[in-house]
Amino acid sequence: MKTGVLNIVRLIWILIVLFLAAVWRVEALILIFGLVFFGPLLRETGICHDVDERQQSLHWKAGYYGFMSLMIVLFAVFVWNLLIVHKELKPEWWLLLIVPLIVRSGFYSWKGTGLRRLGLGLGFTFGGIWTVFTLLSHGFSTESLIESAVGFAILFPTAASIRWPRIGGLFLFLAGIGFAFMLIHAWDRMNGIFQIILMWCILPLPPIIAGISLFRYGANWREEDGKKIT
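Quick note, in the numbering used here, the sequence shown goes up one by one and the last residue is 232.
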């Protein structure tokens, strides 16, 4: 997409927003959010090339500062509601916190440190969080041990993947598929689409992605100069 075409699309989009705002339509506010990610999405997917390297670097830096600003605001919201006024937050707030963190850490691990660390990081992080959260919620009891089975089902294959990445990755993937069937079976007991998305983000997807990453690492593994490399 050429720069001129993109500018025309932006202009049309802005005119639509202004028209909807003039007639007091809430859709105007929704369309404004589209302008925030429309251009960057086209650039990152390679559809549009309307900036040079310096401008692209500035866009990335602005995105980083925007991400950090969002995390600071969310931190304040979570501290105020959970620790001060003791108010339970809706799933939408947890999605705003979890999804950006997963995307950022996952992308950095994948591009910067490789499939092995991505898989191990996801497995140990989500398995550990699930286990600790369960134990803190119910204490050391039979109920907590039963519910901790979800965390152990992620932690044990992840630990095995340190030595046997393909075997551990396969079991992680199968655990994720099992969790997915559990959520499908409990679909009608969830409160709204945001809770469904949240549960998929924190239960089946991490072990599935971790399993695929570790299995691919194990499949590409070879010995060279006494080191394991991908």
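Glycine included, C-beta positions come from ideal geometry on N, C-alpha and C.
Taking CYS203 as the centre and dropping the five residues before and after it, the same chain places the C-beta of ILE100 closer than 6 angstroms to its C-beta, in chain order. GLU55: member of the alpha helix (DSSP H) spanning 55–80, first to last residue. Your pair ILE156 and GLY129 checks out as a contact, with CB atoms roughly 3 angstroms apart and the cut at 8 angstroms.
Approximately 12 angstroms separates the beta-carbon atoms of GLY178 and LEU216; this is outside 8 angstroms, ruling out the contact. Here THR47 carries a coil assignment [DSSP, helix/strand/coil]. Note on VAL152: 16 or more other CB atoms within 10 angstroms of its CB, so buried under the neighbour-count rule. When rounded, the separation of the alpha-carbon atoms in ASN222 and ILE164 is 15 angstroms. The Cβ-Cβ distance between ALA212 and LEU174 falls below 7 angstroms. Distances from the CA of ALA162 to each of GLY108, VAL53 and GLY121 were compared; the closest alpha carbon is that of GLY121.
Taking a C-beta distance under 7 angstroms as the contact criterion, LEU72 and LEU200 do not qualify as a contact pair.
Here TYR219 is buried. Its C-beta has 16 or more other C-beta atoms within 10 Å. Going by C-alpha positions, PRO209 is about 7 angstroms away from LEU124.
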